[in-house]
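Novice: Respectively, the protein sequence lines represent chains W and Z.
Residue 377 in this note's numbering sits at position 376 of the first sequence, with consecutive numbering throughout.
Residue 106 in this note's numbering sits at position 89 of the second sequence, with consecutive numbering throughout.
Where a beta carbon is used, it is the ideal one built from N, C-alpha and C, also for glycine.
If you're wondering where the values come from, they're calculated on a predicted model, not measured in any experiment.
Okay, here's the structure, questions in a sec.
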Amino acid sequence: MSQPKTMFEKVWQAHEVVPETADTPAVIFIDLHLTHEVTSPQAFSVLRERGLKVRRPDLTLATMDHATPTRTEQVFGGAPITIESAAKQIRQLEKNCAEFGVELLGLQDERRGIVHIIGPELGVTQPGKTIVCGDSHTSTHGAFGALAFGIGTTEVGHVLATQCLLQKKAKTLAVEVAGQLATGVTPKDLILAIIGQLGVSGGTGHVIEYRGAAVRAMSMEERMTVCNMSIEAGARAGMIAPDETTFAYLADRPRSPKGAAWDAAVSHWRTLPTDEGARFDKRIDIDGAALEPMVTYGTNPGMVVPVTGNIPDRRGDPVFDAAMRYMGLNAGEPIRNAPVNVVFVGSCTNGRLSDLRAAARVLRGHKVAQGVHMLVVPGSQEVKRLAEAEGLHHVFQEAGAEWRESGCSMCLGMNGDTVAKGEYSVSTSNRNFEGRQGVGARTLLASPETAAASAIRGRVTDPRELLNG
Amino acid sequence: MNPITSIRSRTVVMPSTNIDTDQIIPGRFLTTTTKEGLGQQLFADWRYDANGAPRADFILNTPAAQGCRILVAGRNVGCGSSREHAPWALLDYGFQAVISTEIADIFRNNSLKNGLLPIVVDAATHAWLIANPGAEISIDLQTATLTLPGQAPVGFPIDPFARYCLMNGVDELGFLLSKNAAIEAYEARRGA
Numbered sequence: 002m003s004q005p006k007t008m009f010e011k012v013w014q015a016h017e018v019v020p021e022t023a024d025t026p027a028v029i030f031i032d033l034h035l036t037h038e039v040t041s042p043q044a045f046s047v048l049r050e051r052g053l054k055v056r057r058p059d060l061t062l063a064t065m066d067h068a069t070p071t072r073t074e075q076v077f078g079g080a081p082i083t084i085e086s087a088a089k090q091i092r093q094l095e096k097n098c099a100e101f102g103v104e105l106l107g108l109q110d111e112r113r114g115i116v117h118i119i120g121p122e123l124g125v126t127q128p129g130k131t132i133v134c135g136d137s138h139t140s141t142h143g144a145f146g147a148l149a150f151g152i153g154t155t156e157v158g159h160v161l162a163t164q165c166l167l168q169k170k171a172k173t174l175a176v177e178v179a180g181q182l183a184t185g186v187t188p189k190d191l192i193l194a195i196i197g198q199l200g201v202s203g204g205t206g207h208v209i210e211y212r213g214a215a216v217r218a219m220s221m222e223e224r225m226t227v228c229n230m231s232i233e234a235g236a237r238a239g240m241i242a243p244d245e246t247t248f249a250y251l252a253d254r255p256r257s258p259k260g261a262a263w264d265a266a267v268s269h270w271r272t273l274p275t276d277e278g279a280r281f282d283k284r285i286d287i288d289g290a291a292l293e294p295m296v297t298y299g300t301n302p303g304m305v306v307p308v309t310g311n312i313p314d315r316r317g318d319p320v321f322d323a324a325m326r327y328m329g330l331n332a333g334e335p336i337r338n339a340p341v342n343v344v345f346v347g348s349c350t351n352g353r354l355s356d357l358r359a360a361a362r363v364l365r366g367h368k369v370a371q372g373v374h375m376l377v378v379p380g381s382q383e384v385k386r387l388a389e390a391e392g393l394h395h396v397f398q399e400a401g402a403e404w405r406e407s408g409c410s411m412c413l414g415m416n417g418d419t420v421a422k423g424e425y426s427v428s429t430s431n432r433n434f435e436g437r438q439g440v441g442a443r444t445l446l447a448s449p450e451t452a453a454a455s456a457i458r459g460r461v462t463d464p465r466e467l468l469n470g
Numbered sequence: 018m019n020p021i022t023s024i025r026s027r028t029v030v031m032p033s034t035n036i037d038t039d040q041i042i043p044g045r046f047l048t049t050t051t052k053e054g055l056g057q058q059l060f061a062d063w064r065y066d067a068n069g070a071p072r073a074d075f076i077l078n079t080p081a082a083q084g085c086r087i088l089v090a091g092r093n094v095g096c097g098s099s100r101e102h103a104p105w106a107l108l109d110y111g112f113q114a115v116i117s118t119e120i121a122d123i124f125r126n127n128s129l130k131n132g133l134l135p136i137v138v139d140a141a142t143h144a145w146l147i148a149n150p151g152a153e154i155s156i157d158l159q160t161a162t163l164t165l166p167g168q169a170p171v172g173f174p175i176d177p178f179a180r181y182c183l184m185n186g187v188d189e190l191g192f193l194l195s196k197n198a199a200i201e202a203y204e205a206r207r208g209a
């Protein structure tokens, strides 16, 4: 009998075009290359300079999300896009895709959205695939049992030209989550707690596999939230074994296999999970049942506390001291004292339909506190359409929140949706780095439930206080 | 890419831990469609005040930092976003190497592909470098060693293929294109 293998090893071996040697990295075949307007222009330029074609347009899919406007009049009404360089970048992607024969889900396409939201929606994200994109949150697609990771623009060019990448095999890290998450505790809280335990570089050089009862009980949307933030622990990829939940999600998606091809695909996908007895290079254990809603207090996603807790006192640690100065918060004080000026619900982390439902459930019948600006940005046009069919947009608008077209928006503020200097933003996105949401913006990462509860109260709030009555 | 064999320069020290790529080049500057000119925006939010004037207390704005080509950073430099604009900005500014005890994976890859040397050193060497800003040090790629003033050379790990490419100015795309037969065979095998 052959050596037991991890899921990562199985997917890796199935994609070795040329195995790794002592002197050269492996040549790995890429099954799906997602691309967007911000990290691709220089790669297309290289192709043009060298007279190269896109080798596999059939395995390449482009959309625009990072710098795109979210105001309806700018997306559909012909109003000028606020940021001129962003408008130019959008036109450049249109030109590049037309010239190189790459399918583009453009600004007004009803299938457009954040690249990591539309891949699964369309059914192009599938178990066992290698998936790359010039974006670090490509790890999202690992929720399906794909090996999915972010690459730089030079590598985008490599994949466009050869459909391959030069890679060294990563190490493996098992994150075992026992028990079940309590009511009001979400996968966002789980991944924040995991990053808090691992630290922001604890996963460097590793591919994470999330395992255990709490993970198995999650929906696909919830699994995507967990895998999405793998990179915030330094891991380029995070994976979850495919199971009946995965197959049910993918069945009848526009681009999932059909008929006999579906049956064959599912049979193959069932062989992917890690074999009994396979060895991981590293393992950590998390008690899922003991978790509470989590909120970050500092300037990296590992600086996180339970919403009921206090900011730790690590005075003397330069990272901590710098973070407190930037955030304008104090060691030892309850995180619930933190003020709130802006609430952002959206992003590739928490911009899916279930996230909007969760925020709406908390918000229904309430108003956003005076002085708080709440922005709700669906992760894709499909999410927007489904949310509107359920009337979720009315819940947000009646509470006083803004409802926009899809895109990355305030997660990174490239399109002009920003948080002002010194303001506190409770955000469902993935990074609380200095200036991430705008120059001088202060970001507290949290779940959609916590974000909505904080919008109502105007300070950081435990959503369980509102969910329980 | 020009071949690189050695670098000798004074260092700039930025001791902060977890310098992420959003700090190296903030997101609002990523709407460019070229690689050029990003050095102006390197560390923009630390380097300039709200009016765009240089902050006198930021290291890159001090006279001692001028002409330095080696950046010594705190642990876990380059974490976060995959933006290759980060090494482009560092190179455009004039840096040729970044030294730390830990360097984030995507940033390290992106740096190697552009001729910016990502060098991981042991804690003791790092502590010396942090304590001695402006020291003139040398990096030798052939022997994969770093030499501090008056000290014996210390080795640093570097992937042999990346070193070969850097020293010979070989671009990896050319190498991948040379594997066309293997790629075709793989595609045929999979019936792709």
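Give the residues of chain Z in contact with M415 (chain W), contact being defined as C-beta atoms less than 7 Å apart.
Specialist: Chain Z residues near M415 (chain W): G44, R45, L47 and T48.
Novice: Based on the DSSP output, what are the partners of K172 (chain W) in its beta bridges?
Specialist: Paired residue(s): W:H207.
Novice: Rounded C-beta distance between S426 (chain W) and F345 (chain W)? I'm assuming under 8 Å.
Specialist: Indeed they touch by this definition, with Cβ atoms about 6 Å apart.
Novice: Where do the ends of the alpha helix (DSSP H) carrying I147 (chain Z) lie?
Specialist: Residues A140 to A148.
Novice: In whole angstroms, give me the CA-to-CA distance for H395 (chain W) and E389 (chain W).
Specialist: Answer to the nearest angstrom: the Cα atoms are 8 Å apart.
Novice: So if I threshold CB-CB distances at 7 Å, which residues from the segment 283-302 of chain W count as touching chain Z?
Specialist: Of all residues in the segment 283-302 of chain W, N301 have a Cβ within less than 7 Å of some Cβ in chain Z.
Novice: Distance, Cα to Cα, V115 (chain Z) vs A242 (chain W)?
Specialist: Looking at the two C-alpha atoms, the distance is approximately 37 Å.
Novice: Just to confirm, is the Cβ distance from T226 (chain W) to D136 (chain W) under 9 Å?
Specialist: No.
Novice: From Z:I175, Z:V187 and Z:H143, pick the residue whose C-alpha is nearest to that of V30 (chain Z); which is it?
Specialist: Comparing Cα-Cα distances from V30 (chain Z) to each of Z:I175, Z:V187 and Z:H143, the minimum goes to Z:H143.
Novice: Measuring straight from C-alpha to C-alpha, what distance separates P319 (chain W) and Q438 (chain W)?
Specialist: Rounded to the nearest angstrom, the two C-alpha atoms are 23 Å apart.
Novice: Check whether the Cβ of D136 (chain W) lies closer than 9 Å to any Cβ atom in chain Z.
Specialist: Judged by the 9 Å Cβ criterion, D136 (chain W) is in contact with chain Z.
Novice: What does the alpha-carbon distance come out to for the pair G114 (chain W) and R72 (chain W)?
Specialist: Taking the straight line from one Cα to the other gives about 14 Å.
Novice: Suppose the cutoff is 8 Å on Cβ atoms and the five residues either side in sequence are ignored; what does the same chain contact list for A179 (chain Z) look like?
Specialist: Taken in chain order, the residues that qualify are L129.
Novice: For D190 (chain W), does the count of other Cβ atoms within 10 angstroms reach 16, so buried, or fall short, so exposed?
Specialist: Under this definition D190 (chain W) is a buried residue.
Novice: Are the CB atoms of N342 (chain W) and V420 (chain W) within a distance shorter than 9 Å?
Specialist: A contact, by the Cβ cut-off of 9 Å.
Novice: For V47 (chain W) and E95 (chain W), I'd like the C-alpha separation in whole angstroms.
Specialist: Approximately 17 Å, taken between the alpha carbons.
Novice: Contact between the segment 146-158 of chain W and the segment 29-47 of chain W: three or more CB pairs below 8 Å?
Specialist: Yes, since at least three Cβ pairs between the segment 146-158 of chain W and the segment 29-47 of chain W fall closer than 8 Å, the two stretches touch.
Novice: Report yes if the CB atom of V133 (chain W) is closer than 9 Å to the CB atom of F145 (chain W), and no otherwise.
Specialist: No, Cβ-Cβ distance for V133 (chain W) and F145 (chain W) is not below 9 Å.
Novice: Can you check whether the CB of L273 (chain W) is closer than 9 Å to the CB of M1 (chain W)?
Specialist: With chain W covering only 2 through 470, there is no way to say anything about residue 1 (chain W).
Novice: Using a Cβ cut-off of 9 Å (strictly closer), state whether R432 (chain W) contacts chain Z.
Specialist: R432 (chain W) counts as touching chain Z.
Novice: Say whether the segment 175-187 of chain W touches the segment 55-68 of chain W, bearing in mind that this needs 3 or more beta-carbon pairs closer than 8 Å, one atom from each stretch.
Specialist: Flag = no, the segment 175-187 of chain W and the segment 55-68 of chain W do not touch.
Novice: Taking L413 (chain W) as the reference, which of W:C228, W:T69, W:W404 and W:H16 has the closest Cα?
Specialist: Here the closest residue by C-alpha is W:T69.
Novice: Inspect the CB distances between the segment 359-372 of chain W and the segment 451-458 of chain W and report whether three or more fall short of 8 Å.
Specialist: Touching, yes, given that three or more Cβ pairs across the two stretches are closer than 8 Å.
Novice: Alpha carbon to alpha carbon, how far is R284 (chain W) from A215 (chain W)?
Specialist: Taking the straight line joining both Cα atoms gives about 16 Å.
Novice: Do you know how far the Cα of R112 (chain W) is from the Cα of L123 (chain W)?
Specialist: Approximately 8 Å, taken between the alpha carbons.
Novice: Cutting at 7 Å between CB atoms, please list the residues of its own chain near T50 (chain Z), excluding the five before and the five after it.
Specialist: So the list is empty, once near-sequence residues are dropped.
Novice: Start and end of the alpha helix (DSSP H) containing S128 (chain Z)?
Specialist: Start and end: D122 to L129.
Novice: Using 10 angstroms around the beta-carbon of D322 (chain W), count the other beta-carbons present and answer buried if the total reaches 16, otherwise exposed.
Specialist: Label assigned to D322 (chain W): exposed.
Novice: Report yes if the CB atom of T28 (chain Z) is closer than 9 Å to the CB atom of G172 (chain Z), and no otherwise.
Specialist: No, Cβ-Cβ distance for T28 (chain Z) and G172 (chain Z) is not below 9 Å.
Novice: I136 (chain Z) bridges to which residues according to DSSP?
Specialist: Note: I136 (chain Z) sits in a beta bridge opposite Z:I116.
Novice: Could you name the residues of the same chain whose beta carbon sits closer than 8 Å to that of H37 (chain W), not counting the 5 residues immediately before and after it, in chain order?
Specialist: Result list for H37 (chain W): A63, T64, M65, D66, H67, L94, V116, C134, G135 and D136, in chain order.
Novice: Just to confirm, are S98 (chain Z) and R432 (chain W) a CB contact at a threshold of 9 Å?
Specialist: Yes, they are a contact pair.
Novice: Taking the alpha carbon of A148 (chain Z) as the point to measure from, which residue in Z:M184, Z:D37 and Z:L165 has its own alpha carbon closest?
Specialist: When only C-alpha atoms are compared, the closest one is Z:L165.
Novice: Can you pull the chain W residues whose beta carbon is under 8 Å from the beta carbon of E189 (chain Z), in chain order?
Specialist: Result: T155, H159 and L167.
Novice: Report yes or no: is there a C-beta of chain W within less than 9 Å of the C-beta of P32 (chain Z)?
Specialist: So, interface residue.
Novice: Is the distance from the Cβ of T139 (chain W) to the Cβ of R56 (chain W) below 9 Å?
Specialist: No; because the gap between Cβ atoms is not below 9 Å, this pair is not in contact.
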